[in-house]
Every structure is written in C-alpha cells, then in structure tokens.
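Chains as they are written, first to last, in this note's numbering: chain A, 38 to 154; chain B, 345 to 458.
All C-beta atoms in this analysis are idealised placements derived from N, C-alpha and C, irrespective of residue type, glycine included.
Given the structure is predicted, the values throughout are model-derived calculations rather than measurements.
Reviewing the structure listed below.
Structure follows, in structure tokens:
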C-alpha cells in the first residue's frame with residue numbers, strides 16, 4: 038500500500054512571497070490533516086478535513102494560510118504572504134474512517150521543508 | 345485545549361539497556377494516546393498506541409502504560425538497539441468524535457550508545 042505523498046520536498050522562498058504544498062493521502066482515507074512542525078518541536082495541527090469538509094481549522098492562521106481538499110482526495114495548503122516564522126516542515130497525515138469513528142490511526146507523509154528568507 | 349508535556353528532552357542509554365519516556369496530558373476528555381518515532385528527514389511513524397480503556401499494551405520490545413487518574417502515560421523500550429536512535433513523540437486526542445487532531449509533546453531525542 039502506497040503511503041501519504043507530499044510535494045515538493047523542499048522549498049525556499051523570500052518573505053512576502055506565496056507558496057503551495059500538495060498532499061495525496063493513502064487511497065480510501067477519508068480524513069486528512071495538515072500539521073506544522075517547527076524545528077525542535079512536535080507537530081502542531083493546522084487543519085483537519087473529513088472528505089472535502091473542514092472539521093477543525095481553529096489553529097490555522099487564516100489571514101495568511103488557506104487549505105482546500107477538492108473532491109475529497111488530494112489537498113493543497115497555501116501561504117500568502119509568507120513570514121520568516123513560517124519556516125518549518127509541513128506534514129500531511131491521513132486516517133481511515135470506519136463507521137462509528139473507531140479507527141483513528143494517523144499516517145504521516147515525509148513532509149515539505151519550507152525555508153523563508 | 346489539550347496540553348501535552350514530555351520528559352526528558354534528551355535520553356542517552358547504553359545499547360541493551362532500557363529507555364523510558366514520560367508524558368502528561370491536561371484534558372480529561374482525551375482517550376487516544378499514540379507514540380511516534382521520527383528519523384531525520386522523515387515523517388513521524390506510529391510505533392504503538394493505547395486507548396483509555398486499556399492500562400497497558402505491549403508489542404515485542406515496546407510497551408506503553410496509561411494512568412488515567414494521574415493523566416500520564418509512558419513509553420518503555422527494552423533491549424535497546426542502535427536503530428532505536430531517533431526522536432520520539434507522544435500525543436493525545438479525543439478520538440471518535442469529529443475533531444480528533446493530535447496534540448504532540450515536544451519530543452525526546454533518544455541516543456543509543458554502542
């Protein structure tokens with residue numbers, strides 16, 4: 038079974054520029070998450086999708102970050118404009134969703150390392 | 345919201361010895377506690393998890409214990425090997441509801457000395 042795919046793996050941009058990240062979850066996984074991992078810290082949830090609907094975006098800085106999951110499969114995360122403090126690894130995870138919500142194991146992709154200069 | 349504290353931040357043990365990493369959580373509604381291993385340049389990989397209706401779970405050299413009353417859980421690795429060297433994260437969530445994103449600890453850098 039293929040894992041969670043993310044691209045690009047690395048991105049370097051100047052502050053105030055825009056950037057987008059792409060995620061393809063494990064086939065059949067209904068739930069998709071984006072996390073931000075700053076160097077030396079644990080991942081922090083940005084947004085959770087169930088199919089193509091947003092379940093939780095309470096920690097997403099909505100003035101500059103946006104995310105979408107069209108057709109309930111692939112997802113993109115965008116930052117516009119980027120700030121120096123956005124330098125981090127952006128991780129995508131997916132989870133199967135059985136009836137009753139019993140399965141919650143999250144499988145992570147390799148991440149996209151963003152450097153903002 | 346949930347807050348997860350993890351200790352120690354760095355742990356160095358001799359190969360073959362045991363390693364223990366401890367975490368505490370704040371939200372009594374949390375009921376799912378996974379542990380992830382992250383190697384350099386890779387995403388976190390689940391190594392073991394426990395749900396709040398279970399006190400202990402074991403998988404070969406890895407075990408996790410949960411004390412719901414005290415709101416803490418621990419990871420135990422026995423007979424450590426060089427390939428166990430990595431950063432380990434504990435996490436907590438309220439699984440089974442709608443929003444079940446994980447709240448992570450800050451991580452423990454485990455170093456296995458040959």
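The beta-carbon separation of residue 54 of chain A and residue 127 of chain A, rounded to 15 Å, does not stay under the 8 Å limit for a contact. Two segments are said to touch when three or more pairs of C-beta atoms, one from each, lie closer than 8 Å; by this definition the segment 55-63 of chain A touches the segment 112-129 of chain A. Using a 10 angstroms sphere on the CB of residue 425 of chain B, the tally of other CB atoms stays under 16, which defines it as exposed.
As DSSP reads the structure, residue 365 of chain B sits in a beta bridge with B:419. In terms of CA proximity to residue 87 of chain A, A:65 leads the group A:116, A:50, A:41, A:65.
Exposed is the label assigned to residue 457 of chain B, since fewer than 16 other Cβ atoms lie within 10 Å of its Cβ. Counting only the Cα atoms, residue 452 of chain B lies some 25 Å from residue 43 of chain A. Close to residue 82 of chain A, with beta-carbon spacing below 8 Å, are these residues of chain B in chain order: 445, 446, 447. Looking at A:133, A:52, A:70, A:45, the one whose alpha-carbon comes closest to that of residue 154 of chain A is A:52. Shown here for residue 363 of chain B: same chain residues with a beta carbon closer than 7 Å to its own, the five before and five after excluded, namely 355, 357, 421, 424, 454 in chain order. Taking a Cβ-Cβ cut-off of 9 Å, residue 114 of chain A has no neighbours in chain B, whose nearest Cβ is about 14 Å from it.
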